Amino acid sequence: MAIDVEKLNAILHTFATITPDIQGVALVTPDGLPLASNLPISMDEERVAAMSAAILSMGERIGLELTRGTIERIHVDGEQGPCILTSCGEDAVFLVMATKQAKQGILALEIKRAVNDLKKALGYPVSDTFRLVSGSPKIG
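Structure (structure tokens):
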């Protein structure tokens, strides 16, 4: 199945636009190749992808050595805010860079929603658990 890069870029753009305090997002392969991104002009997409792969590789090693199992998410807190890498299936990793003002709970929920959309676009089976209808949950 061919990857629809336009769709991936649209998902990233929407995420970066509607989620508060996002500085940049990227979808990369575990080998460090960029698939799609919405990054500040000052950031090089290929460098971001390569750094993401390096972080992922280290996280996988930690998971193996410390018997933590498969790594689902890696969270790096920096002086300027967090960097969060989340698995999007076997072939992709979602990188989110946020400001230090970002609300962690909202950020985690929005990342779950975006990962669902990205997995769907990549052809993985997903759950629509995180989809809201008309902006509000249906009760009853």
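Under the numbering used here, the first residue of the sequence shown is numbered 1, with each subsequent residue one higher.
Note that CB positions come from ideal geometry on N, CA and C, so glycine has one too.
Since the structure is predicted, the reported quantities are computational estimates derived from the model, not experimental observations.
Per-residue burial, residue i [other beta carbons within 10 Å of its own, 16 or more giving buried]
| i | result |
| --- | --- |
| VAL25 | buried |
| GLY59 | buried |
| ILE62 | exposed |
| ASP44 | exposed |
| ILE106 | exposed |
| LEU8 | buried |
| ASP117 | buried |
Nonlocal neighbours in the same chain, by C-beta distance under 8 angstroms from residue i, ignoring five residues either side
| i | result |
| --- | --- |
| ALA54 | GLY32 |
| GLY81 | ASP21, GLN23, MET97, ALA98, THR99, LYS100, GLN101, ALA102 |
| PRO34 | ALA26, LEU27, VAL28, GLU45, GLU46, VAL48, ALA49 |
Cα-Cα separation between residue i and residue j, rounded to whole angstroms
| i | j | result |
| --- | --- | --- |
| GLY123 | ALA36 | 16 angstroms |
| ALA2 | VAL48 | 23 angstroms |
| ILE84 | ALA108 | 9 angstroms |
| LEU67 | GLY89 | Residue 67 is actually Thr in this sequence, not Leu. Roughly 20 angstroms separates the two Cα atoms. |
| SER42 | THR70 | 33 angstroms |
| GLN104 | VAL76 | 13 angstroms |
| ALA92 | VAL28 | 5 angstroms |
| GLU6 | ILE74 | 26 angstroms |
| GLU79 | ALA50 | 21 angstroms |
| ALA121 | ASP4 | 7 angstroms |
Own chain residues within Cβ distance below 6 angstroms of residue i, not counting five before or after
| i | result |
| --- | --- |
| GLU72 | SER87 |
| ILE22 | ALA16, ALA98 |
| LEU95 | ALA26, SER52, LEU85 |
| GLY140 | With a pLDDT of 41 at GLY140, under the threshold of 50, the predicted position of this residue should be treated as unreliable, though the coordinate-derived value follows. For GLY140, where only same-chain residues beyond five positions count, there are no Cβ hits under 6 angstroms. |
| GLU65 | none |
Any C-beta of chain B under 7 angstroms from that of residue i
| i | result |
| --- | --- |
| VAL5 | Looking for chain B here will not work: only one protein chain is present. |
Closest by C-alpha distance to residue i, when choosing among the options
| i | options | result |
| --- | --- | --- |
| ARG113 | PRO82, ASP4, GLU6, THR14 | THR14 |
| VAL115 | LEU12, LEU64, GLU6, VAL5 | LEU12 |
| LEU56 | PRO30, GLU65, ALA10 | PRO30 |
Neighbourhood of residue i by C-beta distance below 7 angstroms, restricted to the same chain and skipping five residues each side
| i | result |
| --- | --- |
| LYS119 | CYS88, GLY89, VAL126 |
| GLU110 | PHE15, THR19 |
| LEU39 | GLY24, ALA26, GLU45, VAL48 |
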